[in-house]
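*Asks:* Before we start, here is the structure in question, set down as C-alpha cells.
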Amino acid sequence: MRLMRIDVLNFKSFGGEVTIPFQSGFTAITGPNGSGKSNSGDAIQFVLGTRSTKALRAENLKELIFNGGNNSRAAKKMSATLTFTNPQREDGTRQLRVDTDEVAFTRSVRLTEKGEPKSEFRINGEKTTSGEFRRILKEAGLRGDGYNVVLQNDVTTLATMTAHRRRAILEDVA
Amino acid sequence: MRLMRIDVLNFKSFGGEVTIPFQSGFTAITGPNGSGKSNSGDAIQFVLGTRSTKALRAENLKELIFNGGNNSRAAKKMSATLTFTNPQREDGTRQLRVDTDEVAFTRSVRLTEKGEPKSEFRINGEKTTSGEFRRILKEAGLRGDGYNVVLQNDVTTLATMTAHRRRAILEDVA
Amino acid sequence: RKRRLLTVFEHINRNFSRVYAILQPGGNGRLRLENPESPFDGGLEMDCVPPGKSQKTRRSQLSGGEKSMAALALVFSIQDFEPSTFYYFDEVDQNLDPFNCQRIAMLCRRRSEAAQFIMVTLRKVSLSMANHHIGITHAGDGVSRRITDFNREAALALGDAFEKEM
Amino acid sequence: RKRRLLTVFEHINRNFSRVYAILQPGGNGRLRLENPESPFDGGLEMDCVPPGKSQKTRRSQLSGGEKSMAALALVFSIQDFEPSTFYYFDEVDQNLDPFNCQRIAMLCRRRSEAAQFIMVTLRKVSLSMANHHIGITHAGDGVSRRITDFNREAALALGDAFEKEM
Ligand SMILES: Nc1ncnc2c1ncn2[C@@H]1O[C@H](COP(=O)(O)OP(=O)(O)OP(=O)(O)O)[C@@H](O)[C@H]1O
Ligand SMILES: Nc1ncnc2c1ncn2[C@@H]1O[C@H](COP(=O)(O)OP(=O)(O)OP(=O)(O)O)[C@@H](O)[C@H]1O
Ligand SMILES: [Mg+2]
Ligand SMILES: [Mg+2]
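So the protein sequences, as listed, match chains L, D, H and X.
Okay, so the first sequence: first residue is 1 according to this note's numbering, each after it adds one.
Okay, so the second sequence: first residue is 1001 according to this note's numbering, each after it adds one.
Okay, so the third sequence: first residue is 2001 according to this note's numbering, each after it adds one.
Okay, so the fourth sequence: first residue is 3001 according to this note's numbering, each after it adds one.
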C-alpha cells in the first residue's frame, strides 16, 4: 500500500486545484520559503485526522480554506484527498477494508450561509461518517499522529525537551 | 574598536592553544557538526561575562575545561582571551578605559587541589578584579547579554515565543 | 503498565543503539530511564557520544547538529518499533552539515525500498539523494502550485539560482 | 516606566517596518502591542505579510522560513536601536531558502562596513557572501582546531565534499 497522490482544492495556500503525485521510493519536495511545502504535509495530516487544527498552524477550520492571497478572492470551500494503492494480497484481503485497487480518502470543509465551517468525509467519492472514515484508516495502520510524520521543528523539540517529556513519548508509543 | 582575535587554551573542545583571528568586515565561520564553531562563540560570551554557565551549555565552570575527548587527558585549567583594537580618538580618549592601542581581556578557570573551580580575570596580562574587568567592558558598550550575539536557535525561539515573552524582551531593551 | 513501558523501552533502546551507530559511525548512543525501578517518576534521557568525543559527554553539551542526529536516531528507532507504509519528514536537516545530511538521506534511501519516504528539504545534498523530485512554488500572488517538469537538475538548480548571479 | 516602554516600542517598530521591507521586498511588517493602553498587560506581536500573501495573514500561519525572516528583522531592529561594534550570528539561516539566505547575508555585508560581523553558517550561499572565512574542525579525537589556509574556495568545497563523491 502506498500513497499515490495528494489532490487539494483551496486547501491553505493551494488556491484552485493542485495535484501532487508520488512514486514509490524516496521523494524530495523543495521550493522557496512560504511556497506551500509544509502545507502539503498538513493536507496529509488533515485527511488522516489530526485532532487539532493548531497542529496545522490554524486557529480553526475556517483558516484552512484558501484566503485568496493578495490578489484573489477567498474560497468558500476546500477539500483534500489522499489516494492509496490497495492491492489484493495473496489471501484475498486488502490492507484497507475497501474493495477497490485504489482508495481515495477525501475530507472537505465548506462554509454555511452563516459562515460556519461544515466538515464532510468521502471514500472513493461516497459520503461517509467521520467515524467510519477514521475506523477504516486506523485498521489499516494509518494514523494522523504517528511517528511516521515528522513536522518542521519536531527534531529540535525532541532534541531539547526535558527527560520527563521524552519519557511521556515512550508512554504514548507503548 | 574591533575584535582582533580569540585565543583559547583548553576551553571546551579546544584542547591546547588555538587562535582565531578576525579582520574587519564580514567573517564566516564554518566546519562540520560538533567541530567547535558555537564553542568559539561561547568563548566570547564567557569573557564578556555571561552570568550563567547554562547559557554556554555547561552545568558548571568545571565543564568548560577541556575534558580530553576520547584520546587525551582532561586539562586542569583553561583560559579565553579576547583582544580588541583600542585606538586613540581625535579627542585623545579611547573607547576602552585602558591606555593601550590593543587590549586583551582574559578570563580563566583553574581547578584547585580539591578540584574546585577558581576564576581569574586579567587585562593585558595583569590580574584584576571581576568587578573592574566588567566595569571597563560595560563602559565601552561590551556586554555579555546584548542582542549583538545571536545564539544557535535564538531565531526560532524569538519567532515562536508567546507575545508576552516577546514584550518582556522589549522591556529588557528599554 | 510499568511492565509494558519497560518492554517497549528495551526494544526501542536496542533500536536506538543500532541506528545511532549507523548515523554516527565511531560514536555510540543509548537511551536511559532516569528511574528504572519506577520509570514514571523519572524521565527518558539520550546518552550519546559522537565520534571522537569523551564518554563523559552529556546531551546538553552536544552541538546543534549532534543533538539533531540523536533525535533522528530516536525517530527511526520508534519507526522501527511501529513501522508504517509511508514516512513524511519536513526539513529534518536544518542544522546538519553536508556529511550528516548525507547519512540521514542515505538511511531514508535504503529504507525506501520497503516503505515510501517523502522528505521536504532545502539542502542540496539531501535533494541529490532522492529518487524523485517535486517542486512547489508560489508566484507573486501567494498561490501555491506544483512546478511542472521538475527533476533532480531543476531541484539542484533552485539552490544554485543565487550562486549563478554572483 | 510605561512611557519609556512606549518610546522604545515606537522606535523599534519604525526600525522593524524598514528592515522587514528590505528583507522581504514586496512584503510589509510591523510590531503591535496587544494592549497599547496598558502595555504590561499584553504582549508584543509581529504582524508580517510576506510578499504575495493576504493582509489577513497571522504570524502562526507563516512558514518556518517566513517566521525566521520576521524574527531576524526584529533582531536587526533591536541592534539598530542599540548598536554594537561587533555582531556574532550563530546559524541564523537554518531554515532559509537560498534567496532568503542571500538577503540576510547581503544585509550583514552592507552593515559590516560600519561594524564587524561574524556569522557561523553551514550554507553555501551565506559563505559565498562573506569577506573572510574561518574553518573549524575536529580530528577524530574531539579536539577543535582552526583549519590553516582556509578561504572562500575551501569553505565552499566543504559543502561540496559530499557532492564530489557522488
Ligand atoms: N488559508 C490560507 N490561504 C492562503 N494562504 C495560506 C493559508 N494558510 C496558510 N497560508 C500561507 O501559507 C504559507 C506557508 O506555507 P508553508 O508553511 O507550506 O511554506 P513552506 O513551503 O513550508 O516554507 P518553509 O520552507 O519556509 O518552511 C504562509 O505564508 C501562509 O500565509
Ligand atoms: N569541556 C569540553 N571538553 C571537550 N569537549 C567539549 C567540552 N564541552 C563541550 N565539548 C564538545 O563540543 C562539542 C560541541 O561543539 P560546538 O557546539 O561548538 O559544535 P558546532 O561546531 O557548533 O556544531 P554544529 O554545527 O552542530 O552546531 C560537543 O561534541 C561537546 O561534546
Ligand atoms: Mg515548511
Ligand atoms: Mg553550533
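Glycine included, every Cβ here is placed at the ideal spot set by N, Cα and C.
This one's a predicted model, so the numbers in the text were calculated from it and none came from an experiment.
1) Taking beta-carbon pairs under 9 angstroms, can you tell me which members of the region 127-158 of chain L lie near chain H?
2) Expressed to the nearest angstrom, what Euclidean distance is found between the alpha-carbon atoms of I6(L) and S3054(X)?
3) Give a yes or no on whether the minimum CB-CB distance between P2025(H) and chain X is below 7 angstroms.
4) Say whether chain X places a C-beta atom closer than 7 angstroms to the C-beta of G34(L).
5) Quick check on the burial criterion: 16 or more other C-beta atoms within 10 angstroms. Buried or exposed for H3132(X)?
6) Which same chain residues, not among the five before or five after M78(L), have their C-beta less than 7 angstroms away from its C-beta?
7) Given 6 angstroms as the limit, tell me if F1066(D) has its C-beta closer than that to any heavy atom belonging to ligand 2.
8) Just mark A2115(H) as buried or exposed, buried being the case when its beta carbon has 16 or more other beta carbons within 10 Å.
9) Residues bridged to A1075(D) by DSSP?
10) For the region 1013-1023 of chain D against the region 3141-3159 of chain X, do three or more pairs of beta-carbon atoms, one drawn from each stretch, fall closer than 8 angstroms, so that the two count as touching?
11) Using 10 angstroms around the beta-carbon of G41(L), count the other beta-carbons present and answer buried if the total reaches 16, otherwise exposed.
12) Closer than 8 angstroms between beta carbons: that is the criterion. Which residues of the region 2081-2111 of chain H meet it against chain D?
13) Can you check whether the C-beta of N1124(D) is within less than 7 angstroms of a C-beta belonging to chain H?
14) Run down chain D in chain order and give the residues with a C-beta less than 7 angstroms from the C-beta of E3045(X).
15) Q3094(X): beta carbon under 6 angstroms from a heavy atom of ligand 1?
16) Should T1129(D) and E1102(D) be called a contact, given that it needs their Cβ atoms to be closer than 7 angstroms?
17) Per the contact definition of three or more C-beta pairs closer than 8 angstroms, is the region 2083-2099 of chain H in contact with the region 147-167 of chain L?
18) Using a Cβ-Cβ cutoff of 8 angstroms, what residues of the region 3014-3039 of chain X are near chain D? List them in chain order.
19) By Cβ distance, which residues of its chain are closer than 6 angstroms to S2126(H), with the 5 residues on each side in sequence left out?
20) Since H2138(H) meets chain A, which of its residues come closer than 7 angstroms, beta carbon to beta carbon?
21) For R3145(X), does the three-state DSSP call read helix, strand or coil?
22) For K1037(D), which of H3138(X), A3157(X), A3154(X), L3158(X) has the nearest alpha-carbon?
23) Within its chain, find whatever has a CB closer than 6 angstroms to the CB of K1062(D); leave out the 5 residues flanking it on each side and keep chain order.
24) Since K127(L) is in the beta strand (DSSP E), which residue starts that stretch and which ends it?
25) Does any C-beta atom of chain H lie closer than 7 angstroms to the C-beta of G3142(X)?
26) Can you list, in chain order, the residues of the region 55-71 of chain L whose Cβ is nearer than 9 angstroms to any Cβ on chain X?
27) On a Cα-Cα basis, can you pick out the residue from I3012(X), G3043(X), T3121(X), R3110(X) that is closest to S1035(D)?
28) Which first and last residues belong to the alpha helix (DSSP H) in which I3022(X) is found?
29) Can you list, in chain order, the residues of its chain with a C-beta nearer than 7 angstroms to that of I2184(H)? Leave out the 5 residues immediately preceding and following it.
30) Need the endpoints of the beta strand (DSSP E) that R1110(D) sits in, please.
31) Relative to chain D, which residues along the region 3110-3125 of chain X have a C-beta separation below 7 angstroms, given in chain order?
32) Kindly indicate which three-state DSSP category A58(L) falls into: helix, strand or coil?
*Replies:* Let me spell this out:
1) A140, G141, L142, R143, G146, Y147, N148, V149, V150, L151, Q152, N153, D154, V155, T156, T157, L158
2) 24 angstroms
3) no
4) yes
5) buried
6) L9, N10, F11, L64, I65, F66, S108, V109
7) yes
8) buried
9) According to DSSP, A1075(D) bridges with nothing at all.
10) yes
11) buried
12) N2095, L2096, D2097, F2099, N2100
13) no
14) A1163
15) no
16) no
17) yes
18) L3033, E3034, P3039
19) D2093, C2101, A2105
20) In the structure shown, chain A does not exist; the protein chains are L, D, H and X.
21) strand
22) H3138(X)
23) P1117
24) 126-128
25) yes
26) R57, A58, E59, E63, N67, G68, G69, N70, N71
27) T3121(X)
28) 3002-3023
29) No statement about residue 2184(H) is possible, as the shown extent of chain H runs from 2001 to 2166 and does not include it.
30) 1102-1111
31) S3112, Q3116, F3117, I3118, M3119, V3120, T3121, L3122
32) coil
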